[in-house]
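Each remark here refers to the structure printed beneath this line.
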Ligand code: HEM
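Numbering (our numbering), first residue to last: 12 to 491.
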């Protein structure tokens, strides 16, 4: 009788391989099961929704929104969660935002002088020029057609314009013709892909993302941004090296970010390559202009909804700036009420609503509860800023919460729009200066009221972004 296929000598190796794979799969399943049980045990002390029978809490992250928890979380050195970094890294490479460990420490040390008050001081004029360009546009629109306007697009181009000038003194005229400059259009597209709904469970991951439409486009964008910045860097090096030419810094009256990076590179040679330099410049433009645009848009929205606070800011600004023909660094520190309104807006609508880390070792909170290593923890800045145990009537816009007297009594980790600890925002003073200059000049020239037919809705993104733009009504003010 003919022997069956299983009994042939060829079948034996396949059979053994099959048994081996089955054993491996079984081992893996047991490992996963044990890990799941351990996680369930570790997370039991914390309040949580019921687990799904199959994927447990896979669709959720571990959120914290308590100042004592935030303090512990922010003063550790856990690496950033790979969710944001994956997209950012594939687009602009490794910059300060997505570096970790000793490399981050070294880079942070090199770049901090670039945000000293002396450097920021010189940016005030650059910022005012860009804001006035936007306001000229708005005034033209106000005098010719209905004053209701979508302003978020304008604000984003304005903050991009500022960042490009402060980063590498690039005059793109992007506020007048945004489609003319390839770097500008590419940056705008990169922001849309990178800050796409990153926390979505269904967002393509790993290799699938690489071959998705967005993944391929991100690769093209990355090449374009790198080519552009490479050229800018080479041109600047050439002009600095040419002793017969006058130094650009002297011509500009301010040191741009590229000047600072190039001197850091000159001092640190091999540890800071041209490719590192390109990544840093692109990271700053990307990280800086998106969050500032979100912050200014929200501030305008809150002041539109609260005309009494808008008027109080305007009176304060008129008292300091007169007709606003010029604006100086010293004048910014006199804007006390306006600063309180900016802070209250950052509290109610933090432009970076959450930040996350992957725990490299267990984390124990002051109440004794612990989280295991390997888990992704999200600090919900939004949750913290709306926590009713810290903020009375958290949904109400009340700038007086930030008066000296009221702030003194509050936990120092209750208000964290720029995060805190070693990985806090390096651009926070830059952003505050930009917000003050922008709101001061806007309020001197225009009155802002809400457009009741178009309420503000946010997209759940890494950086807050209005889903359908920001629609407000603008009225040109006559000079007093
Ligand atoms: C209102 C505007 C801004 C807000 C609300 C904001 C908020 C933040 C937050 C919350 C972080 C911490 C992120 C994390 O830990 O994952 C951060 C980091 C950072 N921000 Fe900002 N930011 C703003 C403007 C800017 C600007 C204008 C720049 C650059 C010019 C900038 C550059 C950076 C960089 C480089 C980091 C990473 C710092 C590090 O990890 O050492 N930001 N920002």
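Note that CB positions come from ideal geometry on N, CA and C, so glycine has one too.
Here the structure is a predicted model, which means the values were calculated and not measured.
Item	Value
Whole runs of the beta strand (DSSP E) within the region 337-369, excluding any shorter than 3 residues	365-369
Terminal residues of the alpha helix (DSSP H) in which residue 484 lies	Not the alpha helix (DSSP H): residue 484 falls in the beta strand (DSSP E), residues 482-487.
Contacting residues, own chain, Cβ-Cβ under 6 Å from residue 106 (five flanking each side not counted)	290, 291 and 294
Rounded straight-line distance, which links the Cα of residue 34 to that of residue 23	17 Å
Residue nearest to residue 78 in terms of C-alpha spacing, selected from 397, 316 and 118	397
Extent of the continuous alpha helix (DSSP H) to which residue 87 belongs	No alpha helix (DSSP H) holds residue 87; DSSP gives it neither H nor E.
Outcome for residue 194 when other beta-carbon atoms lying within 10 angstroms are tallied against a minimum of 16	buried
Distance, residue 473 Cα to residue 212 Cα	Because residue 212 sits at a pLDDT of 45, beneath the cut-off of 50, its placement in the model cannot be relied upon, and the point is left open.
Near ligand 2: residue 91 beta-carbon under 7 Å from a heavy atom	As for ligand 2, it is missing from this structure, which binds only ligand 1.
Of the listed residues 444, 448, 455 and 479, nearest to residue 127 (C-alpha basis)	444
Where residue 52 falls, given that 16 or more other Cβ within 10 Å makes a residue buried	exposed
Straight-line Cα distance separating residue 315 from residue 167	19 Å
Stretch pair the region 384-398 + the region 354-369: three plus CB contacts closer than 8 Å	yes
C-beta atoms of residue 176 and residue 137 nearer than 8 Å	yes
Reference residue 318, options 358, 457, 265 and 343, closest by Cα	457
Cβ-Cβ separation, residue 161 to residue 432 (assumed contact under 8 Å), whole Å	Actually they do not touch by this definition, with Cβ atoms about 37 Å apart.
Candidates 158, 233 and 245: closest to residue 179 by CA position	245
Sequence-ordered residues whose beta carbon comes within less than 5 Å of a heavy atom of ligand 1	107, 108, 295, 298, 299, 302, 303, 306, 362, 363, 366, 428, 429, 430, 434, 436, 437, 438, 441 and 442
Residue from 441, 45, 413 and 100 whose Cα sits closest to the Cα of residue 348	413
Residues that residue 75 bridges to, as DSSP identifies them	390
Endpoints, the beta strand (DSSP E) within which residue 49 is located	Careful: residue 49 lies outside any beta strand (DSSP E), inside the alpha helix (DSSP H) at 22-54.
Alpha carbon of residue 438 to alpha carbon of residue 377, nearest angstrom	30 Å
Per DSSP, the bridge partner or partners of residue 374	382
Residue span of the alpha helix (DSSP H) that contains residue 288, given as start and end	285-316
Span of the beta strand (DSSP E), counted from its first residue to its last, around residue 459	457-461
Residue 301 classed as buried or exposed, judged by whether at least 16 other C-beta atoms fall within 10 angstroms	buried
Spatial neighbours of residue 271 in its chain, beta-carbon cut-off 6 Å, leaving aside the 5 residues before and after	125
Spatial neighbours of residue 49 in its chain, beta-carbon cut-off 8 Å, leaving aside the 5 residues before and after	383
The region 273-284 in contact with the region 399-415 per 3-pair CB rule at 8 Å	no
Which residues DSSP lists as bridging residue 222, in chain order	Looking at the DSSP assignment, residue 222 forms no beta bridge with any residue, so it has no partner.
Whole-angstrom C-beta distance between residue 454 and residue 342, which should lie under 8 Å	Not confirmed; about 14 Å, so no contact.
Distance between beta carbons of residue 393 and residue 423, contact taken as under 8 Å	In fact, because the Cβ distance is near 19 Å, the residues do not count as touching under 8 Å.
Contact check, residue 518 vs residue 173, beta carbons under 8 Å	Within the shown structure, residues of the chain are numbered from 12 to 491, placing residue 518 beyond reach of any answer.
Proximal residues to residue 299 (C-beta, below 6 Å), its chain only, five neighbours per side dropped	174 and 438
Outcome for residue 75 when other beta-carbon atoms lying within 10 angstroms are tallied against a minimum of 16	buried
Residue 119 (DSSP reduced to helix, strand or coil)	helix
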